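Quick note on numbering: the sequence shown equals residues -15 to 362 in our numbering.
Here the structure is laid out as structure tokens; the discussion comes afterwards.
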Amino acid sequence: MEYRGPYRVRTVEKPMPQILHPEDAIIRVTRSCICGSDLHLYHGMVPDTRVGSTFGHEFVGVVEEIGPLVQKLKVGDQVLVPFNIACGKCNFCKQGLFGNCHESNPMATAVGGIFGYSHTAGGYDGGQAEYVRVPYADVGPTVIPPDMDPDDAVLLTDVVPTGYQAAEMGGIKEGDTVVIFGAGPIGIMAARCAWFFGPSRVIIIDHVDYRLEFAKNYAYCEAYNFKDMEDPVVFLKKTTDWYGADVCIDCVGCEAEGNSLQTFSGKVTLMQAGTATALQWAINSVKKGGIVSIVGVYGPPFNLIPIGNVLNKGLTIRANQASVKRLLPKLIAHVQEGRLNPKGLITHRVPLEEVADAYRLFSSKLDNCIKTVLIPSA
Ligand code: NAD
Ligand code: ZN
């Protein structure tokens, strides 16, 4: 696929990716997903998203070619590829912070490299394609266990680790009330994973009824539509004896709103105006001394955080890109032993050629869509 500008993507023939470094591999993609993070790109909210780039950071496939220094993979291996591009050797990778790798994106101040996620995240082409170049091929790619369904494997590249890490960063303790904002794939997975930490209540908030219904069944949580509430913060206080939730988790990120394009700092980057409502609700409805865990992605215009309330309430805020590689061994075991069923989130399968329709569908939250898998024809 190829990005043409806000709300415009298409399929197009591109040259075959090449090995550019001896540690690269070329993967033939067999499945790739569209993520809520791709919607931020699609909505024009991520700086330096260049026309002509290929999105896609959730993919599995077959090793087609390896560079001369690759040792752990061989041609023909079926692999799942974490969305983070990580060198495995820098200070951050050594601490297990694979989402913050320094080498894969040295020009950025914070984020490590991410497949198909703009030049802010390293400028790598992504896997919503037939073939993709995978750097540091001995670090990220993991051979899919022979007994694992590739539909489960593709969700282990992002959704499962991100949902799990969202819950983990919340520091959930036994008996806690956990509130999750956003019943997309990430929020639903966070709700499901929250139960590993022993809370007494898991509540999910969204405004799309079919997603709330899905979350209730899939993640055994309470689910409420914020459109039915006068004020979600008051609602959440009321249901927690006016104390507030022990842990709030933001699985929404910036929401595109309207079509007004803004320029920032005189640069050519065009970005959409948007809102950070879920984050404001999370901060305002967590108890004093509580923890807010953020995995929802925000672009630079989102300095609307009620920072005074963070101070007055002595909150702990934890936020990060998920560290997929760190979590994979534990999460593969959860899937293999039946405690997690990632593929249960997949509602749509679309040929890669129909990528424009697939983005429209996922963006508009129609047709009961939770998670869409793109299938290349090669
Ligand atoms: P999604 O778009 O499918 O889901 C977002 C959900 O939030 C939607 O169902 C929407 O209706 C709901 N929503 C919108 N405004 C809301 C509000 N004010 N309160 C509650 N719910 C609201 O996306 P997704 O794939 O589930 O991803 C969710 C977020 O997680 C995105 O911001 C994405 O970029 C981010 N993400 C982060 C990481 C990471 O490593 N940190 C990884 C993957 C995704
Ligand atoms: Zn993703």
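Ideal Cβ placement from N, Cα and C applies to all residues, glycine included.
It should be emphasised that the depicted structure is a prediction, and the values quoted were computed from it without experimental measurement.
Please tell me whether, using a cut-off of 7 Å, the distance from the CB of residue i to the nearest non-hydrogen atom of ligand 1 is below it.
| i | result |
| --- | --- |
| Ser21 | yes |
| His332 | no |
| Ala167 | yes |
| Gly283 | no |
| Cys235 | yes |
| His24 | yes |
| Val279 | yes |
| Phe198 | no |
| Phe210 | yes |
| Arg426 | Look at the range of the chain in this structure, -15 to 362, and you will see that residue 426 is not part of it. |
| Arg310 | no |
| Gln305 | yes |
| Ala262 | yes |
| Ala193 | The sequence given here has Asp at residue 193, not Ala. No, Cβ of Asp193 sits at least 7 Å from all heavy atoms of ligand 1. |
| Gly124 | no |
| Leu327 | A small fix is needed here, since residue 327 is Lys in this sequence, not Leu. Not under cutoff, so the answer is no. |
| Asp351 | no |
| Asp190 | yes |
| Ile170 | yes |
| Pro239 | Here residue 239 turns out to be Glu, not Pro, going by the sequence shown. At least one heavy atom of ligand 1 is nearer than 7 Å to the Cβ of Glu239, so yes. |
| Thr223 | no |
| Gly83 | yes |
| Thr104 | no |
| Thr300 | no |
| Thr146 | yes |
Would you kindly check if the distance between the Cβ of residue j and the Cβ of residue i is under 8 Å?
| i | j | result |
| --- | --- | --- |
| Leu25 | Val319 | no |
| Lys200 | Asp230 | no |
| Leu4 | Arg117 | yes |
| Val279 | Ala260 | no |
| Gly100 | Gly83 | no |
| Ser16 | Gly40 | yes |
| Leu57 | Val65 | no |
| Glu(-14) | Thr38 | yes |
| Glu206 | Thr(-5) | no |
| Pro119 | Asp8 | yes |
| Thr14 | Pro134 | yes |
| Cys238 | Tyr208 | no |
| Val(-7) | Val339 | yes |
| Pro1 | Asp109 | yes |
| Tyr350 | Val143 | According to the sequence displayed, residue 350 carries Leu and not Tyr. No, these two residues do not count as a Cβ contact at 8 Å. |
| Ala113 | Pro360 | yes |
| Pro(-1) | Asp136 | no |
| Asn68 | Gly96 | yes |
| Val138 | Glu42 | yes |
Can you find the residues in the same chain that come closer than 7 Å, C-beta to C-beta, to residue i, ignoring five residues on each side of it along the sequence?
| i | result |
| --- | --- |
| Tyr77 | Contrary to the premise, residue 77 reads as Cys rather than Tyr in this sequence. Hits under 7 Å: Ala70, Cys71 and Cys85. |
| Ile316 | Pro129 and Leu140 |
| Tyr363 | Residue coverage of the chain in this structure runs from -15 to 362, which leaves residue 363 outside it and unanswerable. |
| Gln55 | Asp122 |
| Thr300 | Ile275 |
| Asn287 | Annotation note: pLDDT 47 at Asn287 (below 50); position unreliable, no value reported. |
| Leu311 | Pro145, Tyr148 and Gln149 |
| Ile10 | Pro1, Ile3, Glu48, Glu49, Tyr115 and Arg117 |
| Gly89 | Looking at the sequence itself, residue 89 is Asn, so the reference to Gly does not match. The answer, listed in chain order, is Val95, Gly96, Gly97, Ala105 and Gly106. |
| Gly80 | Ser307 and Arg310 |
Please determine whether the Cβ atom of residue i lies at a distance below 7 Å from any heavy atom of ligand 2.
| i | result |
| --- | --- |
| Glu42 | yes |
| Asp142 | yes |
| Phe39 | no |
| Phe67 | yes |
If I measure Cβ to Cβ from residue i and keep anything under 6 Å in the same chain, skipping five residues before and after, which residues do I get?
| i | result |
| --- | --- |
| Gly168 | Gly20 |
| Pro6 | Gly51, Pro52 and Leu53 |
| Ser277 | Ala150, Met153, Gly154, Ile233 and Arg302 |
| Val123 | Ala70 and Gly72 |
| Arg12 | Gly45, Val46, Glu48 and Tyr115 |
| Gly147 | Ile170, Met173, Ala174 and Cys177 |
| Tyr204 | none |
| Lys251 | Residue placement at Lys251 is flagged as unreliable, the pLDDT there being 34, under the threshold of 50; a coordinate-derived value is accordingly withheld. |
| Gly182 | Glu158 |
| Leu324 | His318 |
Within a Cβ cutoff of 8 Å, which residues of the same chain sit near residue i, ignoring the five residues on either side of it in sequence?
| i | result |
| --- | --- |
| Ala342 | Ile18, His332, Val334, Thr356 and Leu358 |
| Met132 | Ile316, Val319 and Gln320 |
| Lys211 | His191 |
| Ala266 | Val163, Phe165, Cys232, Ile233, Asp234, Val276 and Ile278 |
Between residue i and residue j, how many whole angstroms is the CB-CB distance? I'm expecting something under 8 Å.
| i | j | result |
| --- | --- | --- |
| Val217 | Ile187 | Actually they are not in contact, since the Cβ atoms of Val217 and Ile187 sit about 13 Å apart, beyond 8 Å. |
| Asp61 | Val47 | 5 Å |
| Arg195 | Thr161 | 21 Å between Cβ atoms; not a contact. |
| Lys221 | Ser269 | 6 Å |
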